[in-house]
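**Q**
Numbering (our numbering), first residue to last: 92 to 366.
So this is what it looks like as C-alpha cells:
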C-alpha cells in the first residue's frame, strides 16, 4: 500500500497532467480560438510597446529602465502574473459553497484548492507556449538583453515559490468569505485589480512614489510579481534578496495561520447549518 503522503501528492499531479493533455487536445481541435488568443497577446504587447516608445522618445530612460529593459520586465512580470492569478477557480469554488454542494467533499480544503490551481495552470500552459513566438518576434524588432546568471535563476525560483504560496493562501481566504458573504465575487475581482496595479504587473514599482513603495513593501503585493521579476533580471542584490525572502516567508506563515483559523470558523458554521 502506498504511503499517505504519496496519495496526497499524486492525486493533484495526475489531475494536472490529465487537464494539460486536454488543453493541448482542445488547442488542436479549436485552432481558430487558440490563434485568436495568441493574436490578442501580440496585439496587446504591440500597443503597450508603442505607448512606451512615445513615453521614452524624449527621456530615453525612466527610473533606470530603457525601452528594451522595460519590455523584458513586462514580459517576465506578465508571465509570472499569469501563473499566480487564479480567480476563475475562486469564483467556481465560492459558488459551490453558496449552493451547499461543497460540504460533501471539502474535507481538506487546501487539497481541493491545489487541484483547482493545477487545472488552471494546465489550461494556461498552451497559451504561454503559443505566446513564445510573439516574444521571439519582439527580439528581432527591438534587441532585448536578457542573460540571467545561475544565482539569479535560483533567487527567482525561491521568490516564485513564495509568490505561489502567498497567492494560494489569499485566494483560499477569499473563498472562505463565501460562508459569510452571499456575493463575494467582488472581493476576488477587487483583489485582482489591486494585484494588477500594485504587484508590479503593469509597471515596475520603481515608477511609483517612494512613500507608496514603502507602504506596499509592508504588504504581500510586491512579493507576487515585482521581486521575483527583479531577481530574474538581476536587479535584486543578494543581500536584499535574503531580506525579502525571509519577510515573504513570515507573511506566508501569518496567512497560513489566518487560513487555518478561518477554516475552523467556516467548519463550525458548516456544522451549524447542517453541512
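Where a beta carbon is used, it is the ideal one built from N, C-alpha and C, also for glycine.
Counting Cβ pairs, one atom from each stretch, are 3 or more of them under 8 angstroms apart for the stretch 241-253 and the stretch 317-335?
**A** Flag = yes, the stretch 241-253 and the stretch 317-335 touch.
**Q** Under 8 angstroms, do residue 316 and residue 288 count as touching if we go by C-beta distance?
**A** Contact flag unset, no.
**Q** Taking just the CA atoms, how far does residue 140 sit from residue 173?
**A** Spanning the two alpha carbons is a distance of roughly 19 angstroms.
**Q** Are the CB atoms of residue 167 and residue 324 within a distance shorter than 8 angstroms?
**A** Contact: yes.
**Q** Residue 85 to residue 319, Cα distance in whole Å?
**A** Past the boundaries of the shown model lies residue 85; the chain is included only from 92 to 366, so the question cannot be answered.
**Q** If you run the structure through DSSP and keep just helix, strand and coil, what is residue 156?
**A** Of the three classes helix, strand and coil, the one that applies to residue 156 here is strand, per DSSP.
**Q** If we require 4 or more residues per run, which alpha helix (DSSP H) segments fall completely within the stretch 271-324?
**A** Whole alpha helix (DSSP H) segments, 4+ residues: 276-289, 301-308, 312-315 and 317-323.
**Q** Taking just the CA atoms, how far does residue 151 sit from residue 266?
**A** Between residue 266 and residue 151, the C-alpha separation is close to 45 angstroms.
**Q** Could you give the distance in angstroms between the alpha-carbon of residue 285 and the alpha-carbon of residue 264?
**A** When rounded, the distance between both Cα atoms is 16 angstroms.
**Q** When you compare only the Cα positions, how much space is there between residue 358 and residue 269?
**A** Cα to Cα, residue 358 sits roughly 12 angstroms from residue 269.
**Q** Rounded to whole angstroms, what's the CA-CA distance from residue 350 to residue 256? Just pull it up for me.
**A** Between residue 350 and residue 256, the C-alpha separation is close to 12 angstroms.
**Q** Are residue 336 and residue 250 close, meaning C-beta to C-beta below 8 angstroms?
**A** Cβ distance < 8 angstroms, so residue 336 and residue 250 count as in contact.
**Q** Residue 370 by DSSP, collapsed to three states: which one?
**A** Because the chain in this structure spans residues 92 to 366, residue 370 falls outside the shown range and cannot be described.
**Q** Would you grab the beta carbon distance between residue 311 and residue 342 for me? Rounded to a whole angstrom, and I think it's under 8 angstroms.
**A** Right, their Cβ atoms sit about 5 angstroms apart.
**Q** Taking residue 243 as part of the alpha helix (DSSP H), name the residues at either end of that continuous run.
**A** Note, residue 243: alpha helix (DSSP H), 241-267.
**Q** State the CB to CB distance for the pair residue 153 and residue 298, rounded to an integer number of angstroms; the pair is presumed to be in contact (CB under 8 angstroms).
**A** Yes, they are in contact, since the Cβ atoms of residue 153 and residue 298 sit about 7 angstroms apart, within 8 angstroms.
**Q** Cα separation between residue 184 and residue 262?
**A** If I take the Cα positions, the gap works out to 11 angstroms.
**Q** Out of curiosity, what's the CA-to-CA distance linking residue 130 and residue 355?
**A** Residue 130 and residue 355: Cα-Cα distance of roughly 45 angstroms.
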